[in-house]
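If you read the sequence shown in our numbering, its first letter stands for residue 35, the second for the next number, and so on.
Quick reminder that beta carbons are idealized off the backbone N, C-alpha and C, glycines included.
Scroll down for the structure; my scribbles are underneath it.
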Amino acid sequence: MKIDVAVSSLKLFKTDLLAVGVFEDERLNADAKAVDAMLAGELSTVLRKEEFKAEFKQTRLLSTGKNIRNVLLVGLGKKDEYDLERLRKVSATAAKAARNNRIKSFSTILHRIEIKNRSVAERAQAIAEATVLGLYKFNKYKTEKTDFVVESLAVLEEDRRNVKAIEGAVRSGHVIADATNYARDLVNSPACFVTPSALAEEARRIARENNLKAQVFGREEIKSMGMNALLGVSKGSEQEPKFIILEYNPTAKEKIAVVGKGITFDSGGMDLKPPAYMEDMKLDKAGAAAVLGIMQLAAKLRLPLHVIGAMPATENMPGGAAQKPGDVVTAYNKKTIEIINTDAEGRLVLADAISYVEKNYKPSAIIDLATLTGACIIALGYHAAGIFGSENLLEKLKAAGNESFERVWPLPLWQEHKETVKGELADVKNATKAGVADAGAINGAAFLSNFVEKTPWAHIDIAGTAWSPEEREYVPKAATGYGVRLITQLLMDWKK
Ligand code: BES
Ligand code: ZN
Ligand code: ZN
Numbered sequence: 035m036k037i038d039v040a041v042s043s044l045k046l047f048k049t050d051l052l053a054v055g056v057f058e059d060e061r062l063n064a065d066a067k068a069v070d071a072m073l074a075g076e077l078s079t080v081l082r083k084e085e086f087k088a089e090f091k092q093t094r095l096l097s098t099g100k101n102i103r104n105v106l107l108v109g110l111g112k113k114d115e116y117d118l119e120r121l122r123k124v125s126a127t128a129a130k131a132a133r134n135n136r137i138k139s140f141s142t143i144l145h146r147i148e149i150k151n152r153s154v155a156e157r158a159q160a161i162a163e164a165t166v167l168g169l170y171k172f173n174k175y176k177t178e179k180t181d182f183v184v185e186s187l188a189v190l191e192e193d194r195r196n197v198k199a200i201e202g203a204v205r206s207g208h209v210i211a212d213a214t215n216y217a218r219d220l221v222n223s224p225a226c227f228v229t230p231s232a233l234a235e236e237a238r239r240i241a242r243e244n245n246l247k248a249q250v251f252g253r254e255e256i257k258s259m260g261m262n263a264l265l266g267v268s269k270g271s272e273q274e275p276k277f278i279i280l281e282y283n284p285t286a287k288e289k290i291a292v293v294g295k296g297i298t299f300d301s302g303g304m305d306l307k308p309p310a311y312m313e314d315m316k317l318d319k320a321g322a323a324a325v326l327g328i329m330q331l332a333a334k335l336r337l338p339l340h341v342i343g344a345m346p347a348t349e350n351m352p353g354g355a356a357q358k359p360g361d362v363v364t365a366y367n368k369k370t371i372e373i374i375n376t377d378a379e380g381r382l383v384l385a386d387a388i389s390y391v392e393k394n395y396k397p398s399a400i401i402d403l404a405t406l407t408g409a410c411i412i413a414l415g416y417h418a419a420g421i422f423g424s425e426n427l428l429e430k431l432k433a434a435g436n437e438s439f440e441r442v443w444p445l446p447l448w449q450e451h452k453e454t455v456k457g458e459l460a461d462v463k464n465a466t467k468a469g470v471a472d473a474g475a476i477n478g479a480a481f482l483s484n485f486v487e488k489t490p491w492a493h494i495d496i497a498g499t500a501w502s503p504e505e506r507e508y509v510p511k512a513a514t515g516y517g518v519r520l521i522t523q524l525l526m527d528w529k530k
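Below is the structure:
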């Protein structure tokens, strides 16, 4: 979609729909007053009759027959509860209202409502971001595209001095939302199309378009490099595994590595999953998809960092050559792993990828994103990802999480937890006998900690946040693109 800044007075402005915010507990603000005058007091009447109470996210459409053909009243809720996230939510709500009313081009002045400690640019960015995120639809595989498409948004600004800042902010918000929607598309796309090879091709395309360095290792290289944990997971599949690495800005001093789990389908392997919801296991590449989104943004936002995006990609299938429970593999860092459960495959592919980036790049931090455990969903639900690892990095992640509202919550990772994944036959085991019944999310993290030597590291379990069971304001049902905005925020604030 197109998002522009329109410089005009409210009086002279022409639009099919203008979104105007109203607080529940405040008389009309200056913008609403001007609109009220234009509507000969109709806005006041609606409010007085309490047909519209301006509760948070409540909307009401008023047709005017004037230059501004429709006014969409948007409830902002209580004034002291209003913040950037509420602005995102009402912005998405307004965009969806435009769509429901089949209005192709609409306008907003929501950025003019002040928020404590937030500039007009930050407010405009939030609107652009939430509008593009909120209007997301995945209809690639529908032969009839019946959804009405909103084509453009104009951010109406009267003050010329603000225009430049708002334009830049709108552009940032737009690219960030596009990259998130890109990750959503990839995760929503079925495993028959998004194979490890397709993911590698996608990475190459992104590299070409954004001037990134791309490396793709196939089965033979994975084998000869000794990435046997990744190789082992791939054995039951006809699809060739790929280890994909993208790099942005390799000459920058500060190096950050982001590793994304890229299981393009997780059947569970020999420890086959039950049929209910198995179809959702195309989501198991959400970590890798987020990394592809993040790498695009690193380039588009010209971050002053060397960013390394690593994606171990394979299917987890129970074919005749599949890895079996009880098998032992030697990982890239030479530690031996006893395979207790073939469905705990994410930690295996990450083990090799994490130790590979640590050894070959020596980054100043490693962050992995993985739909690692069902247990994390049980622990934290759908509104926070579980985070584990180095204290300092976790603090940074919490700040980025609160800022982007892709929130995170720390879980403990103690010596005692690390004891529980010590192997009997080999150095470590990939699961405990109890499986998900005993702090499964922590055990996953404890296992991974064996594959980082000394680099500050954070593990983000996105099993509950990468996929939403229901539609929310600017989060669609199914793939959410979680992680793109969180990590981009982290990288943007890295040196602050
Ligand atoms: N990909 C799954 C985790 C998952 C489950 C993600 C549901 C999203 C929604 C992962 O590979 C897995 O199967 N984990 C096992 C680990 C267990 C065998 C120790 C799990 O969580 O049951
Ligand atoms: Zn699994
Ligand atoms: Zn998995």
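Short Cβ contact (8 Å threshold) for residue i with residue j
i, j, result
"MET72", "THR49", "no"
"LEU403", "GLY321", "yes"
"ALA480", "LEU427", "no"
"ALA387", "PHE277", "yes"
"GLY55", "LEU144", "yes"
"LYS289", "SER389", "no"
"THR127", "ASN262", "no"
"ALA213", "LEU331", "yes"
"LEU51", "GLU192", "no"
"LYS369", "ASP461", "yes"
"ASP246", "MET526", "In the sequence as presented, Asp is not what sits at residue 246; that position holds Leu. Going by C-beta atoms, LEU246 is not nearer than 8 Å to MET526."
"PHE485", "ALA385", "yes"
"GLY109", "ALA160", "no"
"ILE210", "THR514", "no"
Distance cut-off 7 Å: residue i Cβ against heavy atoms of ligand 3
i, result
"THR405", "yes"
"ILE494", "no"
"GLY380", "yes"
"ILE297", "yes"
"ASP318", "yes"
Assigned secondary structure, residue i (DSSP; H/G/I helix, E/B strand, else coil)
i, result
"ALA497", "coil"
"ILE256", "helix"
"MET72", "helix"
"ASP472", "coil"
"TYR282", "strand"
"PRO444", "strand"
"VAL250", "strand"
"THR298", "strand"
"PHE481", "helix"
"HIS340", "strand"
"GLU429", "helix"
"THR165", "helix"
"LEU52", "strand"
"THR98", "coil"
Outcome for residue i when other beta-carbon atoms lying within 10 angstroms are tallied against a minimum of 16
i, result
"PRO275", "buried"
"LEU459", "exposed"
"PRO346", "buried"
"GLN449", "exposed"
"VAL228", "buried"
"ARG157", "buried"
"ALA64", "exposed"
"TYR395", "buried"
"ASP472", "exposed"
"PHE86", "buried"
"TYR170", "buried"
"CYS226", "exposed"
"PHE57", "buried"
"GLU429", "exposed"
Any non-hydrogen atom of ligand 2 within 7 Å of residue i CB
i, result
"GLY302", "yes"
"GLY109", "no"
"ASN350", "yes"
"ALA164", "no"
"ASP219", "no"
"ALA129", "no"
"ASP377", "yes"
CB-CB length for residue i against residue j, believed under 8 Å
i, j, result
"ALA129", "VAL518", "Actually they are not in contact, since the Cβ atoms of ALA129 and VAL518 sit about 19 Å apart, beyond 8 Å."
"ALA155", "ILE37", "Contact flag wrong, Cβ pair sits at about 14 Å."
"GLY266", "LEU382", "6 Å"
"LEU406", "GLY435", "Not quite, the Cβ-Cβ distance comes to about 17 Å (not below 8 Å), so this is no contact."
"GLY111", "ARG122", "That pair is no contact at about 13 Å."
"ILE342", "GLU281", "5 Å"
"TYR516", "GLU440", "6 Å"
Near ligand 1: residue i beta-carbon under 7 Å from a heavy atom
i, result
"ASN215", "no"
"ILE476", "no"
"GLY327", "no"
"ALA513", "no"
"ALA237", "no"
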